[in-house]
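53 is the number that UniProt numbering gives to position 53 of the sequence shown; each next residue is one higher, with no gaps. Written below as structure tokens is the structure these notes are about.
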Amino acid sequence: MSADNSAKRVDNNATATGMIEVIANDRLGTRVRVKCSKEDTVGDLKKLIAAQTGTRFEKIRLKRANREFKNHITLYDYEINDGTCLDLY
């Protein structure tokens, strides 16, 4: 078995367990890639982004199509899937 096949298997297992990768783009062009679960709340996602960027999570606002996400709603409820790009403010 090659390394490529085993990497694909890991990716498929991550998707099957509900793990997704969300991409947050800020106004300066910085991209932050975060792995999380579909059952995580927007507040949980903000904390993961804050850990990577060094910004306090209370200051982070996430939007898509000019719609700001609320902290207590899950990513699944907002239909945020693997590879979804969000605007980071």
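All residues carry an ideal CB built from backbone N, CA and C; glycine is no exception.
Across the set V22, T30, D87, the C-alpha of T30 shows the shortest separation from the C-alpha of T53.
Here the alpha carbon of V34 sits roughly 20 Å from the alpha carbon of A65. Annotation: the continuous beta strand (DSSP E) that includes A24 extends over 19-26. G18 and S37 have their C-alpha atoms spaced approximately 5 Å apart.
Nearest to D44 by C-alpha distance, out of K70, C85, D87, is K70. In its chain, beyond the 5 residues on either side, I20, V22, I23, R64 have a beta carbon closer than 8 Å to the beta carbon of T84. In the same chain as F57, and ignoring 5 residues on each side of it, the C-beta atoms closer than 7 Å to its own belong to K46, K47, A50, in chain order. DSSP links L86 through a beta bridge to A24.
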